[in-house]
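When we follow this note's numbering, the leftmost residue of the sequence shown carries the number 661, and every step to the right adds one.
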Amino acid sequence: MVSASHDHDHSTCGHTHADGHVCWGGGGDASTHHHKLEVSNLRVTYREVLALDGIGFSTECGRSIALIGPNGAGKSTLLKSLAGLIRADSGSILWRGKPLTRSSHEIAYLPQRGDIDWNFPITVRGLVEMGRYPNLGWWRSFSRHDNEIVERALTAMNLLDLQDRQISALSGGQQQRTFIARALAQEAHVLLLDEPFTGLDKPAQDSLAKLFRELTHEGRLLIASHHDLQTAPEIFDELLLIKRSQIAFGTMETAFTKENITTAYGEK
Numbered sequence: 661m662v663s664a665s666h667d668h669d670h671s672t673c674g675h676t677h678a679d680g681h682v683c684w685g686g687g688g689d690a691s692t693h694h695h696k697l698e699v700s701n702l703r704v705t706y707r708e709v710l711a712l713d714g715i716g717f718s719t720e721c722g723r724s725i726a727l728i729g730p731n732g733a734g735k736s737t738l739l740k741s742l743a744g745l746i747r748a749d750s751g752s753i754l755w756r757g758k759p760l761t762r763s764s765h766e767i768a769y770l771p772q773r774g775d776i777d778w779n780f781p782i783t784v785r786g787l788v789e790m791g792r793y794p795n796l797g798w799w800r801s802f803s804r805h806d807n808e809i810v811e812r813a814l815t816a817m818n819l820l821d822l823q824d825r826q827i828s829a830l831s832g833g834q835q836q837r838t839f840i841a842r843a844l845a846q847e848a849h850v851l852l853l854d855e856p857f858t859g860l861d862k863p864a865q866d867s868l869a870k871l872f873r874e875l876t877h878e879g880r881l882l883i884a885s886h887h888d889l890q891t892a893p894e895i896f897d898e899l900l901l902i903k904r905s906q907i908a909f910g911t912m913e914t915a916f917t918k919e920n921i922t923t924a925y926g927e928k
């Protein structure tokens, strides 16, 4: 389970604000803040090619969104834009009412597994500890509080037994759980995942889908690019369907229609 502890000692366990958002850090934001992501008329040129045009949607923590579209639709570009890794030509991305900047440690980006150097000599615990770096600032060393959050993230992802293992020795599902643990250690409210289910066997996919439901239940916002149209309605709450421009956004019941899918992919 994601909630690693069920006691009421807020110094050692995640707790829920009045707005339903889980704060692991003990300090956290005031409960009056509304954790909303608002994208308006986003246009992005990537390597001199128009990658995205007219993307606009609004969502909030406690939901999971399937980002779906054919190859070359701009899914990875959109995730990187939301993460602050690619600058938009025009439009806006607001997080909690303010322009999103790359410095926001509340947003965590998890790239495709194929884009990661798994031979990099680092242990599971070392990778998860990297999630604390945005909170530390210059020259500050790990405190007891930082170590507690890392422990909690490892426990939540069932990685304590693997914490000393090199990341190259992990299975695909374990690799995904390690990167999600890093995002939890970062105390991220928003997780942006690029094709997280790709390359996982069925048990690992089922485990990750269950984890997604637990994370959204805790009050996090998950946006993940996904290519399997069959499983998307079972895993995600909402659909953002794009083909460079936006085709549909809404609940699975309203947006995941044959007409919209045909517009994105053509007749099958």
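Every residue gets a Cβ at the ideal spot worked out from N, C-alpha and C, and that includes glycine. The structure displayed is predicted, hence computed values, not measured ones.
* Asp713, enclosing beta strand (DSSP E) - first and last residue -> Residue mapping note: residue 713 aligns to position 53 of the sequence shown, counting from 1. It spans Val709 to Glu720 - the beta strand (DSSP E) in which Asp713 sits, taken as one unbroken run.
* Which of helix, strand or coil DSSP assigns to Gln836 -> For the purposes of this step, residue 836 is taken as the residue at position 176 of the sequence shown. Looking at Gln836 - three-state DSSP - the assignment turns out to be helix.
* Any chance the segment 838-854 sits against the segment 765-772, with 3 or more Cβ pairs inside 8 angstroms? -> The answer is yes - the segment 765-772 touches the segment 838-854, with three or more Cβ pairs under 8 angstroms.
* Asked: What first and last residue would you give for the beta strand (DSSP E) that runs through Gly734?
  -> For the purposes of this step, residue 734 is taken as residue 74 along the sequence shown, with counting starting at 1. Here Gly734 belongs to no beta strand (DSSP E), and DSSP marks it neither H nor E.
* Asked: Any idea if Val704 is buried or exposed, counting beta-carbon neighbours within 10 angstroms, 16 or more meaning buried?
  -> In the sequence shown, counting from the first residue as 1, residue 704 sits at position 44. Burial call: buried.
* Asked: Going by the beta-carbon positions, is the gap between Pro893 and Phe916 smaller than 8 angstroms?
  -> Taking the sequence shown and counting its residues from 1, one reaches residue 893 at position 233. Taking the sequence shown and counting its residues from 1, one reaches residue 916 at position 256. With contacts defined as CB atoms closer than 8 angstroms, Pro893 and Phe916 qualify as a contacting pair.
* Closest Cα partner of Gln826 within the set Pro781, Ser736, His805 and Leu860 -> Here residue 826 is taken as the residue at index 166 of the sequence shown, counted from 1. Of the listed residues, the one whose Cα sits closest to Gln826 is Pro781.
* When DSSP labels each residue in this structure, what does Ile827 get in the three-state scheme? -> Along the sequence shown, read from residue 1 onward, the residue named residue 827 stands at position 167. DSSP places Ile827 within a helical segment (H, G or I) once states are collapsed to three.
* Asked: Do Val788 and Leu822 have their CB atoms nearer than 8 angstroms?
  -> Against the sequence shown, residue 788 aligns to sequence position 128. Against the sequence shown, residue 822 aligns to sequence position 162. Contact: no.
* To do: Could you tell me which of Glu847, Leu796, Asn807 and Pro730 sits nearest to Glu878, measuring between CA atoms?
  => Your numbering for residue 878 matches position 218 in the sequence shown. Put simply, of Glu847, Leu796, Asn807 and Pro730 the residue whose alpha carbon is nearest the alpha carbon of Glu878 is Glu847.
* To do: Using only alpha-carbon positions, find the residue among Arg880, Lys918 and Leu881 that is nearest to Gln890.
  => In the sequence shown, the residue the question calls residue 890 occupies position 230. Closest option to Gln890, Cα to Cα, is Lys918.
* **Of the residues Lys903, Ser885, Gln906 and Arg904, the one placed nearest Ala726, counting alpha carbons only** => Residue numbering aside, residue 726 sits at position 66 when the sequence shown is read from its first letter. Minimum Cα distance to Ala726 is reached at Ser885.
* Identify which residue in Ala869, Glu808, Asp806 and Glu698 has its Cα closest to the Cα of Arg837. => For the purposes of this step, residue 837 is identified with residue 177 of the sequence shown, where counting begins at 1. Sorting Ala869, Glu808, Asp806 and Glu698 by C-alpha distance to the C-alpha of Arg837 places Ala869 at the top.
* Determine the direct distance from the alpha carbon of Ile809 to that of Tyr925, and round the result to whole angstroms. => Numbered from 1 along the sequence shown, position 265 holds the residue referred to as residue 925. Numbered from 1 along the sequence shown, position 149 holds the residue referred to as residue 809. Each residue's Cα considered, the two are about 43 angstroms apart.
* Roughly how many angstroms separate the alpha carbons of Gly686 and Arg804, rounded to a whole number? -> Position 26 of the sequence shown, counted from the first residue, corresponds to residue 686. Position 144 of the sequence shown, counted from the first residue, corresponds to residue 804. With a pLDDT of only 36 at Gly686, under the threshold of 50, the placement of this residue in the model should not be trusted; the figure read from the coordinates follows. Here the C-alpha atom of Gly686 lies approximately 13 angstroms from the C-alpha atom of Arg804.
* Those runs of the alpha helix (DSSP H) which lie wholly inside the segment 788-824 and span at least 4 residues -> Correct list: 793-796 and 804-816.
* Answer with buried or exposed for Glu855, where buried requires no fewer than 16 other C-beta atoms within 10 angstroms of its C-beta. => The residue you call residue 855 lines up with position 195 of the sequence shown. Label assigned to Glu855: buried.
* DSSP three-state assignment for His681, whether helix, strand or coil -> Numbered from its first residue, the sequence shown carries residue 681 at position 21. Model confidence at His681 stands at a pLDDT of 40, short of 50, so the residue's coordinates are unreliable; what they give is reported in the following sentence. His681 falls in the coil class under three-state DSSP.
* So, is Ser724 buried or exposed, given that buried needs 16 or more other C-beta atoms within 10 angstroms? -> Here residue 724 refers to the residue found at position 64 when the sequence shown is read from its first residue. By the neighbour-count definition (other C-beta atoms within 10 Å, threshold 16), Ser724 is a buried residue.
* Ile767 by DSSP, collapsed to three states: which one? -> Taking the sequence shown and counting its residues from 1, one reaches residue 767 at position 107. Strand, per DSSP.
* Asked: Once you ignore the five residues that flank Ile776 on each side, which residues in its own chain have a CB closer than 6 angstroms to its CB?
  -> As a working mapping, residue 776 is identified with position 116 in the sequence shown. Contacts found: none.
* Rounded straight-line distance, which links the Cα of Asp806 to that of Phe857 -> What you label residue 857 is simply residue 197 of the sequence shown in a count that begins at 1. What you label residue 806 is simply residue 146 of the sequence shown in a count that begins at 1. Asp806 has its alpha-carbon roughly 29 angstroms from the corresponding atom of Phe857.
* Buried versus exposed, by CB contacts within 10 Å (16 or more), Val709 -> Along the sequence shown, read from residue 1 onward, the residue named residue 709 stands at position 49. Val709 is exposed by the Cβ-count criterion.
* Helix, strand or coil at Phe909 [DSSP, three-state] -> The count along the sequence shown starts at 1 and reaches residue 909 at position 249. DSSP places Phe909 in strand when its eight states are reduced to three.
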